[in-house]
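Chemist: Before anything else, here's the structure in question.
2 protein chains.
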Amino acid sequence: MPYLNRAAPDPEPIDCRILTAGLILFVEDGYHNVSVHDIQKKANVSIGSIYKHFGGKEGIAKKLYYHLLNEIDELINQASKDKSTIQEKSEEIIRLLFTYTETERNIIAFIFQPNHQDFLPDEPPICSASPFRRLREIIREGMDRGEIREMSTEVAASTIFGVAIRMVQLRLDGIVENPLPTYLDEVFDASWNGILIKSDEINNQEADGLVAQL
Amino acid sequence: MPYLNRAAPDPEPIDCRILTAGLILFVEDGYHNVSVHDIQKKANVSIGSIYKHFGGKEGIAKKLYYHLLNEIDELINQASKDKSTIQEKSEEIIRLLFTYTETERNIIAFIFQPNHQDFLPDEPPICSASPFRRLREIIREGMDRGEIREMSTEVAASTIFGVAIRMVQLRLDGIVENPLPTYLDEVFDASWNGILIKSDEINNQEADGLVAQL
DNA sequence: GTCTATATCCAGATAGAC
DNA sequence: GTCTATCTGGATATAGAC
């Protein structure tokens, strides 16, 4: 019965196992603190396979980087379709980003936490990569269409998406305690309307104050 | 004339030279791509001195980290004094941060670019370090005083300071082309008032449109 | 294609003279 | 305190059997 002598059959192809192991370890320990041997052990493959498939550690990181940037691009595509206004579009992008941060933490952490130029020196800064460029283009389009006030694209983009990205970072670092989708409405409202007290809210505010005093 | 045989006298103390060299190299190449030998050469000291003074590479990074976090804390102190409202206070903080980014690029880059846990594994995430905590406290105080609408501290802080921090990152990555202080008014306005078109601006907006058509 | 064993290299760290 | 010379460990990468 030779079957019993085999290890449990692993349906996942070998290069997937390597990528998955790499992703987890890179996120947990940081690229430079992970050795090829670590990946090899975690993925249950031999060193030889890793070098055959990816040519080394940097090869794994590069594949991961392109692959995951693509996933984010896809996320933007998905969020953008069937949305007419820029406001709807950006809100859906942020909604998906927030959900993704909870369900696919490693992917988001790999994209948003490290300084990729530390281990992929030939790559341009991630802010100039496709998904981030597209976010700025969306904002630009909103200004051209007159949905957004005239100002520099970068400031407008930082206000809409930068706030969301900051929330993602704070969540990954454990500063934000609740799941991100909890904050969706507040984030939208703050980005689009600012955080100053509005005159028509002052009454409610004072009412709240009275309640609090009881 | 023994004086002529000496190297040009270097007034800067040895540990300063080491820290400065470390800072520059860490920012340029990333902590893990810099060797103790690199620092030694750049600082014009011997390896022995480095190990005597700092105990190794991580010691340098740690000293730098604490020292520079302190500088940022000082920056916040300086910006906070003589300011009564939270709005004034935060605006002054951002003003100083933007100026600093242009004049002391390396300091800001060391604080805002890398994931410090990659090389200082015992440190908590930088977002929970003093200066960043204080920013959230300032916002919190603004809400308690009724200067800022009620919402989660993190969202409010991300809206005010997160936008500014995002601008710093985009500037460091070369996406933002003008010196940051250029954008001060836009950043303040966007954070506090949001980026939606306001009804009282629509007239101006249309007028601008007409001008553009000429 | 996959594996083990091995080679090579280099960064981090130390010892000991001055 | 400062330096040079040296050691050691561990990581990347390869060679070659299966």
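Heads up: the protein sequence lines correspond to chains A and B, in order. Residue numbers for the first sequence follow the numbering used here, so the first one is 1 and each next one is one higher. Residue numbers for the second sequence follow the numbering used here, so the first one is 215 and each next one is one higher. We put the beta carbon where it would ideally sit given N, CA and C, even for glycine.
1) One question on the structure: do B/I238 and B/L282 come within less than 9 Å of each other, judged by their Cβ atoms?
2) Should B/V390 be flagged as near chain A, meaning a C-beta pair shorter than 9 Å?
3) Contact check, A/I72 vs A/P131 under 8 Å by CB: the rounded distance?
4) What residues of chain A sit near B/Y397, judged by a beta carbon separation below 7 Å?
5) Counting only the same chain and skipping the five closest in sequence on each side, list residues whose C-beta sits under 8 Å from that of A/Q169.
6) Beta-carbon of B/A293 versus every beta-carbon of chain A: anything under 9 Å?
7) Between the alpha carbons of B/L334 and B/E272, how many angstroms are there, rounded?
8) Classify B/D358: buried if its beta carbon has 16 or more other beta carbons within 10 angstroms, exposed otherwise.
9) For a cutoff of 9 Å on Cβ pairs, would you count B/N258 as touching chain A?
10) In terms of alpha-carbon separation, which member of A/R171, A/G174, A/T182, A/V163 lies closest to A/W192?
11) Leaving aside the five residues before and after B/R385 along the sequence, list all residues of the same chain whose C-beta is less than 7 Å from its C-beta, in chain order.
12) So A/F110 and A/F26 are in contact, right, with Cβ under 8 Å, and what is the actual spacing, rounded?
13) For B/R231 and A/S84, I'd like the C-alpha separation in whole angstroms.
14) Output, in chain order, the set of chain B residues within a Cβ distance shorter than 8 Å of A/E215.
15) Considering only the alpha carbon of each residue, which of A/L75, A/N70, A/S128, A/E137 lies closest to A/I86?
16) Report the CB separation of B/F375 from B/L349 in whole angstroms; it is logged as a contact under 8 Å.
17) Just grab the DSSP bridge partners of B/L410 for me.
18) Check the C-beta distance from A/D118 over to B/H246 and give it rounded, since I have them as a contact under 8 Å.
19) Let me check understanding here. Comparing Cα to Cα, which of A/A129, A/K41, A/E154, A/A61 lies closest to A/G30?
20) Is any beta-carbon of chain B found at less than 9 Å from that of A/Y100?
21) Between the Cα of A/L75 and those of A/E92, A/G194, A/G142, spot the shortest distance and give me the residue it belongs to.
22) Using a beta-carbon distance cut-off of less than 9 Å, what residues from the segment 24-40 of chain A approach chain B?
23) Apply the 10 Å Cβ neighbour rule to B/G236 and answer buried if 16 or more other Cβ atoms are within range, or exposed otherwise.
24) Take B/I362 and list the residues in its own chain whose beta-carbon comes closer than 8 Å to its own, dropping the five residues that flank it on each side.
25) Identify the contact partners of A/G194 in chain B, using a Cβ-Cβ distance below 7 Å as the criterion.
26) Rounded to the nearest angstrom, what separates A/S158 and A/E104 at their Cα positions?
27) In three-state DSSP terms, what is B/N284?
28) Near A/L64, which residues of its chain fall below 8 Å by C-beta distance, leaving aside the five closest residues on each side in sequence?
29) In whole angstroms, what is the alpha-carbon distance linking B/I339 and B/H330?
30) Taking 9 Å as the CB-CB limit, is B/F159 close to chain A?
31) Applying the criterion that 16 or more other CB atoms from any shown protein chain within 10 Å of the CB defines a buried residue, is B/G408 buried or exposed?
Modeler: Put simply:
1) No, Cβ-Cβ distance for B/I238 and B/L282 is not below 9 Å.
2) Using beta-carbon distances, B/V390 counts as an interface residue toward chain A, with a partner under 9 Å.
3) Contact holds; Cβ gap of about 4 Å.
4) S152, V155
5) F112, Q113
6) no
7) 7 Å
8) exposed
9) Interface flag for B/N258 against chain A is unset, since no Cβ pair is found closer than 9 Å.
10) A/V163
11) T315, L394
12) 6 Å
13) Computed Cα separation, rounded: 57 Å.
14) Given that chain A is displayed from residue 1 to residue 214, the structure contains no residue 215 of chain A and the question cannot be resolved.
15) A/E137
16) 5 Å
17) A/I148
18) 7 Å
19) A/A61
20) no
21) A/E92
22) Per Cβ criterion, the list reads D29, G30, Y31, H32, N33.
23) buried
24) I300, I353, G356, A370
25) S405, W406, N407, G408
26) Those two C-alpha atoms are separated by around 24 Å.
27) B/N284 falls in the helix class under three-state DSSP.
28) L19, G22, L23, F26, F110.
29) Correcting the residue type first, residue 339 of chain B is Pro in the shown sequence and not Ile. When only Cα atoms are considered, B/P339 and B/H330 end up about 7 Å apart.
30) Only positions 215 to 428 of chain B appear in this structure, which leaves residue 159 of chain B out of reach.
31) buried
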